[in-house]
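Residues in the sequence shown are numbered consecutively from 1, following this note's numbering.
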Amino acid sequence: MRLNLFILSGFLFLLLNAQSQTIIKGHVESNKKEIIPGVNIILQDSYDGTTTDLDGNFEFTTDETGAFILIASFIGYVEFSDTLDLQGETIELNIILKEAFNELNAVLITAGAFEASDEKKSVVFSSLDIVTTAGADGDIYGALETLPGVTSVGNDDGLYVRGGTGYETVTIIDGVPVQNPYYSTLPDIPSRGRFGPFLFKGTVFSTGGYSAEYGQALSSAVILNTFDMPEQSTSAISLSPIFASAFHTHKFKNTAIGAGINYTNLSFYDLLFKPRTYNNIESVEALSGNIFLRQKTSKNGILRLYGQFEGTDLGVSYPDIDSTEENIYDDVYLINRYNYFNLSYREIIAKKWTINVGGSLSFNKDSVTVGGTNFSSGNDAFNGKLSIANQINEKIRLRFGAETQSIGSIQYSGTFTYDAKQAYTGLFAESDIFITNDLAGRIGVRSEYDQGLDKYNLAPRISLAYKVGESGQISVAYGDFYQSPQAQYLYVGDNSLLTYEKATHYIANYQFITNDRTFRIEAYYKKYDDLISYSSITNQPGDIFNLNNKGYGYAQGFDIFYRDKKTIKNGDFWVSYSYIDSKRKFSYYPEEAQPDFVTNHILSVIYKQYFSKIRTQFGASYRFNAGFPYYDPNETGFMTQTSPIYNDISINASFLTQIAGNFTVIFASFNNVFGFDQIYGYQFSYQDPGVVFTDMPPLKQTVFIGMFISIVNQSKMDSKGLNF
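Structure representation (structure tokens):
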């Protein structure tokens, strides 16, 4: 009897226990409708759970009763949780896991931008590329001319981007615009940038559609960021037949200071290579110096100071094409003095807030003497900037801030003096929104007030990017961009009659980036409105009356870029091609025409090869353009003639060695190896249109040899350090 009761009690216990068990089953997939096997499914604070099978299904039984939290988790996805009421009944669930945001794998907003920074996944161009690119001569802007969308205009300074003039590109250093970023020069003499590439840890080159944080540029922005703290104390010496420079950096625990000096004199060069189009009556001579300070103010804060001081003297003799006598030259002398200071401070506050504040001062004066008559011009500029950024959450970043600029320009011409004051204030706000890992947007707005014009502007900007596969993405961008008239126009008439020049950008691109290969194709359309225009009797710049903002135009086309570091062992090459269709009525143009700085087809091919056994890198470049339009008064129509096609093949080499135990690079370059005639256009005599002057580089070919010596801890310097 007792045995029967015991057996009966056991059956009753099993029956009651079976009735209290809960079956939990279901299916798990991603928010992209993808099956996810191996997902961990558990009841919190219990030992019950399972994992999904190959079909994403799961099922398990639990003896727990009451309220319990079910958790589903898998690497790369946001954890799912739900409270279940366990009452012995079967529970079926359909669980959707959202992909976790991963900044390293997230889509990048790239429409219109090339970035040169070792800190970004989207690297396509580094600072070392700038100094090792054949034909660029170590110049930042010269190297950028090998990228698509940029036209090399050798008889003027400035970066000409997608049908824009040189003044339509702004240079930014540590967030602050720079006035006069190029060395002063004389007409038809090429110039180069004032700042060396190794001052900067990163370069962002935007060919359009750039951030609302920046303004006062219709076409393009070159954004340069200086280094923070150096790794160690170091000294460097550079020597060549035409220049010498020395620089020393000393690092303390939280402070680094440095100073350098550079001297250039082309007397020796003139003995070897006589200019073919001009007569140098005084050798180019330049002396410059720079200083810097880095001070860590906290774990994340840093104060940066940079100063540069320059003096340049240049003399050139130009043929006088308006003279009735033969072989008459105008002697022209240029004396330039330039000082630049930049101070910036960065700090991270409360983990998610970053503040950047900066300011710059620059003083530039050009004194030009022509036949005993002096013409002088100059400007003093102050720029201030405050930018605040907040990482609201992992998917939303906010930036906002303010900017101010004040420029005083003055021009002396004989007994006449002209001056102009330019001042504006700008406000901006912008947000990066990562909707998913594959879809991101950037929405921004910028507003400016120009005191001289007494006018406001409002510029909306938006970009979207969608990731296609692991390495590809599609991006689009739209934006309005404004620029105040140049100082040379503010000397003439009533400023209140003028307004901002305007450009509207439409951009779409596709790019594919891996660690060793980059492919990019981008189409664009740029509409110009309210361009400065004026009447001219001679159809020449400088002959100004009836100044207005009635100019207009457009630029459209596409760019292709491919870079490959994998196919050829220790080799690196890139190819860029641009097609540009552009017309505008502006400046002295009497009608809409293709500008004389726009060529329809541009091709650049760059190749570098490192030979480890001889510790030498060789480089070569080929550049082509289809020729520039020009105005011939002997022909009907305006800008209807085209100069010959442009070709250039240049080579260089860098040899790594040691001198007295110090790391040394010996380098050489040879530009325009085959001596192609490189013609940018023609100038015609106003007195006799049959007299023609050809715009060509002063030298048909150039050769350069130099040496760089770095005096540092040798254990840290080798060829790998140069990324060859």
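Cβ atoms here follow ideal geometry from the backbone N, Cα and C, with glycine treated the same way.
Around the beta carbon of Asp-516, a 10 Å sphere encloses fewer than 16 other beta carbons of the protein chains shown; the residue is thus reported as exposed. Here the alpha carbons of Ala-487 and Tyr-412 stand approximately 13 Å from one another. Remark: C-beta atoms of Ile-659 and Ser-587 do not approach each other more closely than 8 Å. In the DSSP assignment, Arg-623 forms a beta bridge with Ser-604, Asp-648. For Tyr-554, the closest alpha carbon among the candidates Asp-581, Phe-80, Lys-421 is that of Asp-581.
Assigned with DSSP and collapsed to three states, Ala-212 falls in coil, not helix or strand. The criterion of a C-beta distance shorter than 8 Å is not satisfied by Ser-612 and Phe-663. Ranked by Cα distance from Gly-196, the first of Asn-336, Ala-143, Gly-154 is Ala-143. In this structure Gly-690 is exposed. Its beta-carbon is surrounded by fewer than 16 other beta-carbon atoms within 10 angstroms. Judged by their CB atoms, Val-222 and Leu-159 are nearer to each other than the 8 Å cut-off.
Here the region 359-366 makes no contact with the region 315-332; the two share fewer than three CB pairs at distances below 8 Å. According to DSSP, Tyr-610 shares a beta bridge with Gln-617. Around the beta carbon of Asp-322, fewer than 16 other beta carbons sit within 10 angstroms, so the residue counts as exposed. Spanning the alpha carbons of Ser-431 and Leu-386 requires a straight line of approximately 16 Å. If you check the CB distance, Ala-217 and Val-150 do not come in under 8 Å.
Ranking His-505, Gly-706, Asp-695 by CA distance to the CA of Tyr-318 puts Asp-695 first. For Leu-334, the uninterrupted beta strand (DSSP E) segment begins and ends at 329-349.
Residue ranges of uninterrupted beta strand (DSSP E) with 3 or more members, entirely inside the region 155-223 and ordered along the chain, are 169-173, 200-206.
Here Val-370 is exposed, its C-beta having fewer than 16 other C-beta atoms within 10 Å.
Between Ala-420 and Leu-490 a beta carbon distance of about 4 Å is seen, short of the 8 Å cut, so the two are scored as contacting. Ser-409 is not a Cβ neighbour of Asn-383, given a cutoff of 8 Å. DSSP places Ile-140 in no beta strand (DSSP E) but in the uninterrupted alpha helix (DSSP H) bounded by 140-144.
Across the set Ser-238, His-601, Glu-448, Thr-514, the C-alpha of Ser-238 shows the shortest separation from the C-alpha of Ile-666. Put simply, the backbone Cα of Lys-608 is about 12 Å away from that of Gly-135. The region 58-77 and the region 31-43 touch, with no fewer than 3 CB-CB distances between them shorter than 8 Å. Fewer than three pairs of CB atoms, one per stretch, sit closer than 8 Å, so the region 228-245 makes no contact with the region 551-571. When Cβ pairs closer than 8 Å are counted between the two stretches, the region 613-631 is seen to touch the region 648-658, the count reaching three or more. Val-692 is bridged by DSSP to Phe-684. Residue range 517-535 is occupied by the beta strand (DSSP E) that includes Ala-523. With at least 16 other beta carbons inside 10 angstroms of its own, Thr-52 counts as buried. Measuring C-alpha to C-alpha distances from Val-445 to each of Gln-451, Leu-458, Asn-437, Asp-454 identifies Leu-458 as the nearest.
Put simply, the backbone Cα of Ile-614 is about 41 Å away from that of Lys-296. For Val-153, the three-state secondary structure derived from DSSP is coil.
For Asp-63, the closest alpha carbon among the candidates Gln-21, Lys-527, Glu-325 is that of Gln-21. The shortest CA-to-CA distance from Gly-706 to any of Leu-699, Phe-693, Phe-684, Ser-654 is the one to Ser-654.
Counting along the chain, the unbroken beta strand (DSSP E) around Ala-259 starts and ends at 255-265.
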